[in-house]
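Visitor:
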Amino acid sequence: METNINTSPKGLITANDMNIHFADEVVRHSGANLNKCYHCMTCAGGCPFSRATDFAPNSVIRLVQLGLKKEALECSTIWICVGCHTCSIQCPMGIDMAAIMDTLRHIAIKEGAAVAEPDILNFHRDVLHSIKHYGRTHKIEVMLRYKARKWEWFSDLGVGIKMLAKRKLHLRASKVESIDVIRKSFQPKQIRVAHE
Ligand code: SF4
Ligand code: SF4
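Per the numbering used here, residue 280 is the first one in the sequence shown, and the count goes up by one each step.
1. Cutting at 6 Å between CB atoms, please list the residues of its own chain near F334, excluding the five before and the five after it.
2. Out of N312, I458, R446, point me to the one whose CA is closest to H412's CA.
3. Take every Cβ of the stretch 336-355, pair it with every Cβ of the stretch 288-307, and state whether three or more of those distances are shorter than 8 Å.
4. Taking the C-alpha atoms as reference points, what is the distance between Q466 and T332?
5. Flag this pair as yes or no: are the beta carbons of I399 and W358 separated by less than 8 Å?
6. Would you say the beta carbon of G439 is closer than 7 Å to some non-hydrogen atom of ligand 2?
7. Excluding five sequence neighbours on each side, which residues of the same chain lie with their C-beta closer than 8 Å to the C-beta of V438?
8. Are the stretch 303-323 and the stretch 370-380 in contact at 8 Å, needing three or more beta carbon pairs?
9. In angstroms with no decimal places, state the Cα-to-Cα distance between F478 and I388.
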């Protein structure tokens, strides 16, 4: 497994590399006390995607504990994580790793960090676009948007045809009745001022 921590020329992490407030920020936003992690690696062993990532789940926690903010926000793990909660359920310390990954994605977008897996972020955006318009995912449209961006029209064609034949894909989008309620959830939260 490759790592890409930027350290001093001697390979040491120096105080200058560390953001001492970062761990607190992640704990506050995620509600997960990552300081209780003692790196037993149960989460790493159970994660179905750990072979595809640059850092194991507990290594991401270690980056946060060490205040290596840039490395944590720019690693591929936070985007490859699908939020399946396998790690959160198995952790002996009850640490909600999935919530930590979610928080790191939020901070990465908010602070304009370099996204290690832009295709995955774009796919999330396509799914949200579909939900905003129909109240549910229109799978063909999501798939076509993804393919158009990648310019990969014919990959997965066989799977697509099989899914169409089994009526798992629908050419026409269907819209939920209460679409306005769904769309309201996409509006920025309004701060209500109480009048006396
Ligand atoms: S399972 Fe929990 S305690 Fe063990 S390494 Fe993962 S987060 Fe840390
Ligand atoms: S929630 Fe993410 S890190 Fe945890 S097991 Fe699932 S994919 Fe892996």
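By construction, the Cβ of each residue, glycine as well, lies at the ideal position given by its N, Cα and C atoms.
Guide: Let's see:
1. Counting only Cβ-Cβ distances below 6 Å, and skipping sequence neighbours, we find C354, T356.
2. Here the closest residue by C-alpha is I458.
3. Counting Cβ pairs under 8 Å, three or more are found: they touch.
4. Rounded to the nearest angstrom, the two C-alpha atoms are 33 Å apart.
5. Yes.
6. It does not: the Cβ of G439 is nowhere closer than 7 Å to a heavy atom of ligand 2.
7. Within the same chain, no Cβ atom closer than 8 Å to the Cβ of V438 is found once the five residues on either side in sequence are excluded.
8. Contact between the stretch 303-323 and the stretch 370-380 is established, with three or more Cβ pairs separated by less than 8 Å.
9. The shown model of the chain, from 280 to 475, leaves out residue 478, and the question about it has no answer.
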